[in-house]
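Take the sequence shown: its letter number 97 is residue 97 in our numbering, and every next letter is one higher.
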Amino acid sequence: MTELGNRLKEARLAKGLSLDDLQTVTKIQKRYLIGIEEGNYSSMPGNFYVRAFIKQYAEALNLNPDEIFETYKSEIPASYNDDLPQQLSRVKTHKAVTEGNSKIFDILPKILIGVFVIGVASLLYYFLQNHAGGGTNESIKNDSDQVKYEKSESLEKVKGEEIEKDKKKDIKKDDNATKPKEQKTTVVETPKQELTVVQSGGTNSTYDLKNADKFVVKLVSKGQTWVSIKNGKGKTFFADTLRTDGTQSHIEDLSTESMAVLRVGNAADTDIYVNDQKLEYAIPATANVQNITIQYVLKNE
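This is the structure:
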């Protein structure tokens, strides 16, 4: 058992609470509560949830979570993305498959050119075999003058038809040249922002913010409420009262932070917006005091 686990267990016993009682209060499964007291975090979904569960355990016993994290920071794992190595592995595998396919595409054009050349040669050979020498055995029935006259008239007719065809081809080329080429535009759809609830219980709720290019929080009071904004390390960005007859709203840009912790003193009179998307309270707003944790998941994670 770790020092942190021992302290939490002593505080629980001092209040006369069993693990089943604590499970009912925090909505955290009993096996996770046992893991916290024994310092065994391997059964939990990830480091972020370890920290969140410890925070809820401490608050249920009226302990200061910030003091707990600071005192036992060497025993509590830092929050980070556990799935990053698997994603890097998938990227490497995709790259290897792409390199293998590129070799096939390099050879394919050469094969197609070879087939095209053979086809053209076959057509030329067929044409020469069927049309060469077609007029060599022509019999002469009229005198020489009549023959010369007929040949010249036929040649002139053919020549005139060829000239007309060339003119029509030139006209079509000019028309095609003056017509603007249609440009195809590719529309890339941007993934829609996701703000989802991952856990809630008592006065605490946790959200994940995904597919967002920024992390801007706006608090708006519809009456009078006390609010505060902190990051995951406990640094305070804002703590004050908002009221309709004074400072009614506050905007905080948290794009450089991976986590924000909001404490709302009067949820019924407070609207929360994340990147202009209104946050729906996971816990009914009738529970005035609420602790809301928002984890900002970057797009490349």
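Beta carbons: idealized from backbone N, C-alpha and C, even for Gly.
Note down the Cα distance separating residue i from residue j, rounded to an integer number of angstroms.
{"i": "G39", "j": "A11", "result": "16 Å"}
{"i": "N211", "j": "D276", "result": "14 Å"}
{"i": "Y72", "j": "N6", "result": "12 Å"}
{"i": "T270", "j": "T293", "result": "16 Å"}
{"i": "A14", "j": "D20", "result": "15 Å"}
{"i": "L308", "j": "V117", "result": "Limits of the chain in this structure are 1 at one end and 301 at the other, which puts residue 308 out of reach."}
{"i": "F127", "j": "V120", "result": "11 Å"}
{"i": "L219", "j": "I272", "result": "5 Å"}
{"i": "T196", "j": "V297", "result": "12 Å"}
{"i": "I163", "j": "P191", "result": "59 Å"}
{"i": "S139", "j": "K168", "result": "Per-residue confidence for S139 stands at a pLDDT of 42, beneath the threshold of 50, marking its modelled position as unreliable; no derived number is given."}
{"i": "L8", "j": "K27", "result": "17 Å"}
{"i": "G46", "j": "V115", "result": "58 Å"}
{"i": "N64", "j": "Q29", "result": "22 Å"}
{"i": "Q23", "j": "M44", "result": "15 Å"}
{"i": "D213", "j": "I111", "result": "46 Å"}
{"i": "I229", "j": "V216", "result": "12 Å"}
{"i": "L4", "j": "N231", "result": "22 Å"}
{"i": "Y207", "j": "V264", "result": "15 Å"}
{"i": "A267", "j": "I76", "result": "31 Å"}
{"i": "L262", "j": "I107", "result": "59 Å"}
{"i": "F48", "j": "Y41", "result": "11 Å"}
{"i": "E67", "j": "K299", "result": "32 Å"}
{"i": "F238", "j": "T186", "result": "43 Å"}
{"i": "G234", "j": "M259", "result": "10 Å"}
{"i": "L61", "j": "L279", "result": "28 Å"}
{"i": "V25", "j": "L33", "result": "12 Å"}
{"i": "V198", "j": "F69", "result": "22 Å"}
{"i": "T236", "j": "S74", "result": "22 Å"}
{"i": "V50", "j": "T2", "result": "14 Å"}
{"i": "G35", "j": "G16", "result": "20 Å"}
{"i": "Q295", "j": "A52", "result": "11 Å"}
{"i": "E161", "j": "E189", "result": "55 Å"}
{"i": "N288", "j": "S221", "result": "13 Å"}
{"i": "S253", "j": "V274", "result": "Going by the sequence as given, residue 253 is Asp instead of Ser. So the alpha carbons of these two residues sit roughly 10 Å apart."}
{"i": "N130", "j": "D166", "result": "26 Å"}
Run the CB neighbour count on residue i, radius 10 Å, all protein chains shown included, and call it buried at 16 or more, exposed below.
{"i": "E257", "result": "buried"}
{"i": "R31", "result": "exposed"}
{"i": "Y125", "result": "exposed"}
{"i": "E37", "result": "buried"}
{"i": "S255", "result": "exposed"}
{"i": "I302", "result": "Only positions 1 to 301 of the chain appear in the structure, and residue 302 is not among them; the question remains open."}
{"i": "S18", "result": "exposed"}
{"i": "E194", "result": "exposed"}
{"i": "Q290", "result": "buried"}
{"i": "A78", "result": "exposed"}
{"i": "Y149", "result": "Interpretation of Y149 is limited by its pLDDT of 40, a score under 50 that renders its predicted location unreliable; no figure is taken from the coordinates."}
Where do the ends of the alpha helix (DSSP H) carrying residue i lie?
{"i": "G35", "result": "K30 to E38"}
{"i": "D20", "result": "L19 to T26"}
{"i": "K9", "result": "E3 to A14"}
{"i": "D66", "result": "P65 to T71"}
Which residue comes first and which comes last in the beta strand (DSSP E) that contains residue i?
{"i": "D208", "result": "N204 to K210"}
{"i": "V216", "result": "V216 to S221"}
{"i": "Q56", "result": "Per DSSP, Q56 belongs to no beta strand (DSSP E); it is in the alpha helix (DSSP H), N47 to A60."}
{"i": "V297", "result": "That residue, V297, is in no beta strand (DSSP E); it is neither H nor E in DSSP."}
{"i": "E194", "result": "E194 to G201"}
Write down every uninterrupted run of the beta strand (DSSP E) in the stretch 231-289 whose length is 3 residues or greater and which is fully enclosed by it, in chain order. Correct list: 236-243, 249-253, 259-264 and 270-274.
Are the stretch 201-212 and the stretch 52-59 in contact at 8 Å, needing three or more beta carbon pairs? yes
Using 8 Å as the threshold, is the stretch 283-291 in touch with the stretch 239-249, meaning 3 or more CB pairs across them? no
Any chance the stretch 220-227 sits against the stretch 235-246, with 3 or more Cβ pairs inside 8 Å? yes
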